[in-house]
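Chains as they are written, first to last, in the numbering used here: chain A, 44 to 214; chain B, 455 to 644. Every residue, glycine too, gets a C-beta built ideally from N, C-alpha and C. Bear in mind that the values here come from a model prediction, so they are computed numbers and not experimental data.
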Amino acid sequence: MTAETFQIEVLPVKHKLFRFANRLLCNTENAEDIVQETFLRLWSKRDNLKEYKSIEAFAMTITKNLCLDKLKSKKHKSDELTERNQGTTMDTPYKYTERADTFNKVKEIIDSLPGQQRMIIHLRDVEGYEFEEIADVLEMSVNTIRVNLSRARKKTREKMLKAYNYEFAKN
Amino acid sequence: MNLQKIEILIRKYESGETSMEEERALHDFFGNNEVPVHLANYKKMFSFFSASKNEMLNDEGFDERIMEAIGKEESTKSPRGKSYRLFPILGIAASILILISVGVYFQTRGPQIHFEDTYDNQELAYAETKKILMLVSGNMNTGSDELQNVAELENGFRELKKISNLKSGMKNMEKLSVLNKTKNLITTKK
């Protein structure tokens, strides 16, 4: 693969990789670094890229693994909490509006889900991946994905009910 | 799409059993309609999903950075440099292989070179060996006798040296040319 085809065919997946990394790390700066690293790894494997049925899925898998490594490496770092909080309140397209408020609330709830469920609900409900594609990216069976997706959706609904009932009560 | 249908879809959605198409219908519905209070949270959820899709990487200069990093890697990754790094490893591997094969050779070969005595009497064995050695040296001598004919060649060469006398004869012949000069002198004077 030449640098030119790489730029045309592979680089455009960057936004998807970024959203995925950001969902996992809740930190835009780290997510950007991960995306960059993903592309460098893809490039070093450029001669074998044709063997994968979907370069995008392969790229997502690399991003996922890099993110999980990152989370593992800084699990005990004290600054993680502050970084996370920064990530949740910034970078929304709707700043200082009621819609932004809702956006951030739901984001907070989704981001509080366990990592696996968070990845699955993101890939399905945000990116619109088929189950087979998610299975490819996460290296899991379709059935496991379906079960975890169901858990993630139900949990989100429950948490929202709690959050917004609390708001009703407050008013 | 009526509410009843939506509620059925929602239940399916929560069990993870909706198809991509059905989920698109839900996205459409919640994106474009005001919904009753009991579905308000779903509206929020779906609007979050739609809005999330608009989140973009801040890609100012991003492509350039990647392409530059890629270019650097390309230039440092020349095939020569690679083989150079591989060389010591190959050398080590080869020497290990040689050591192992030599070791294996002697291990398997060792016991086979063990000779067994063919004679019980040592003196008989000595006499027999001497007889064989004499036979060999005798044959060698008759062979070298034949080689003396080659010495005859030397005599031939000596005879050939006489040809060098021809050179001095030729020099004497040159004196004849004086005769020719005098002859010329005589004819011009005439």
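Query, Result
"Beta carbon of A:E175 nearer than 8 Å to that of B:M474", "no"
"Chain A contact residues for B:D513, given Cβ-Cβ distances below 7 Å", "K57"
"Cβ contact check for the stretch 143–161 of chain A and the stretch 48–58 of chain A: 3 or more pairs under 8 Å", "no"
"Exposure of B:E570, with buried meaning 16 or more beta-carbon neighbours within 10 Å", "exposed"
"As assigned by DSSP and simplified to three states, the class of B:P533", "Residue confidence is low: B:P533 scores 48 on pLDDT, short of 50, so the model does not pin down where it sits. No coordinate-derived value is stated."
"Delimiting residues of the alpha helix (DSSP H) encompassing B:F611", "603–615"
"Contacting positions in the stretch 460–484 of chain B - beta carbon closer than 7 Å to chain A", "Y467, E468, S469, G470, M474"
"Beta-carbon spacing of A:R84, A:I105 below 8 Å", "yes"
"Distance between A:R66 and A:A74 (C-alpha atoms, nearest Å)", "9 Å"
"Separation of B:Y559 from A:Y95, as counted between CA atoms", "47 Å"
"Exposed unless 16 or more other CB atoms sit within 10 angstroms - verdict on A:Q160", "buried"
"Within-8 Å CB hit, B:G535 to chain A", "The predicted position of B:G535 is uncertain, since its pLDDT is 46 and thus under 50; a value taken from the coordinates is nonetheless stated next. Chain A contact via Cβ: absent."
"Cα-Cα separation, B:S555 to A:I164", "59 Å"
"Beta carbon proximity, A:T145 to chain B, threshold 8 Å", "yes"
"Cutoff 8 Å: A:M203 Cβ touching any chain B Cβ", "yes"
"Cβ of A:N128 within 8 Å of any chain B Cβ", "Its pLDDT being 45, under 50, A:N128 is placed unreliably in this model, and the coordinates cannot settle the point."
"A:C69 - DSSP class collapsed to helix/strand/coil", "coil"
"As assigned by DSSP and simplified to three states, the class of B:G545", "helix"
"Test: B:S506 CB closer than 8 Å to a CB of chain A", "yes"
"Contact the stretch 490–503 of chain B vs the stretch 515–528 of chain B: 3+ CB pairs below 8 Å", "no"
"Pairwise C-alpha distance: B:A605 and B:L614", "15 Å"
"Three-state secondary structure (DSSP) of A:T81", "helix"
"Environment of B:F611 [buried if 16+ CB atoms lie within 10 Å]", "exposed"
"Nearest-angstrom Cβ-Cβ length linking A:S87 and B:S469, presumed shorter than 8 Å", "A:S87 to B:S469, Cβ: 42 Å. No contact."
"Collapsed DSSP secondary structure at B:P490 in the structure displayed", "coil"
"Buried or exposed by the 16-neighbour rule on C-beta atoms within 10 Å, applied to B:E522", "exposed"
"Beta carbon proximity, B:M455 to chain A, threshold 8 Å", "no"
"Assumed close pair A:S200, B:S506 - CB separation to whole angstroms, cut-off 8 Å", "Note that residue 200 of chain A is Arg in the sequence shown, not Ser. Between B:S506 and A:R200 the Cβ distance is about 17 Å, and since that is not below 8 Å, they are no contact."
"Near-chain B residues of the stretch 155–186 of chain A (beta-carbon distance less than 7 Å), N- to C-terminal order", "D168, V169, G171, E173"
"Minimum Cβ-Cβ distance from A:L92 to chain B less than 8 Å", "no"
"A:Q79 and B:I460 closer than 8 Å at C-beta", "no"
"Under the three-state DSSP convention, the category B:S469 falls into", "coil"
"Inter-residue CB distance, A:L25 and B:D517 (contact presumed, cutoff 8 Å)", "The structure shown does not extend to residue 25 of chain A, since chain A is modelled only from 44 to 214, so the question has no answer here."
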